[in-house]
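Asker: Have a look at this one.
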Amino acid sequence: MRGSAFDAGDWVVIHAKDDFFAFVDGWRGTVQGTNEGLYEVACMRPDGMKTLFVPADQLALTVRS
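Below, the structure is given as structure tokens:
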């Protein structure tokens, strides 16, 4: 049973709902944990690992890609 919307290790995709996260819309990553009510998501990009803090309403579970 889930204690929150997402758990550490879950694969998620970012679905931006506003301009603030528009540049990362569609990025996939792994939930690392939570911080101040946001989910810490690690996304591997061609130029290295990026860590983002994203609200739950802008994340969806996905499969590893």
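Numbering-wise (our numbering), the sequence shown opens with residue 1328 and increments by one.
Note that the Cβ used here is the ideal one computed from N, Cα and C, for glycine as well.
Compare the Cα-Cα distances from valine 1358 to each of Asp1337, Leu1365, Ala1349 and His1342 and report the closest residue.
Answerer: Start at 1 with the first residue of the sequence shown, and residue 1358 comes out as number 31. Comparing Cα-Cα distances from valine 1358 to each of Asp1337, Leu1365, Ala1349 and His1342, the minimum goes to Asp1337.
Asker: Here's the rule: buried if 16 or more other CB atoms are within 10 angstroms of the residue's CB, otherwise exposed. What is phenylalanine 1333?
Answerer: Counting from one through the sequence shown, the residue named residue 1333 turns up at place 6. Counting Cβ neighbours within 10 Å, phenylalanine 1333 comes out buried, since at least 16 surround it.
Asker: Distance, Cα to Cα, glycine 1364 vs aspartate 1384?
Answerer: As a first step, residue 1364 must be located in the sequence shown, where it is residue number 37. As a first step, residue 1384 must be located in the sequence shown, where it is residue number 57. One C-alpha to the other measures close to 11 Å.
Asker: In terms of alpha-carbon separation, which member of Val1390, Ala1349, Leu1386 and Pro1373 lies closest to tyrosine 1366?
Answerer: Looking up residue 1366 in the sequence shown gives position 39. If we check each option's Cα against that of tyrosine 1366, Leu1386 comes out closest.
Asker: Within its chain, find whatever has a CB closer than 6 Å to the CB of tryptophan 1354; leave out the 5 residues flanking it on each side and keep chain order.
Answerer: Taking the sequence shown and counting its residues from 1, the one referred to as residue 1354 is at position 27. Excluding sequence neighbours, tryptophan 1354 sits near Ile1341 and Cys1370.
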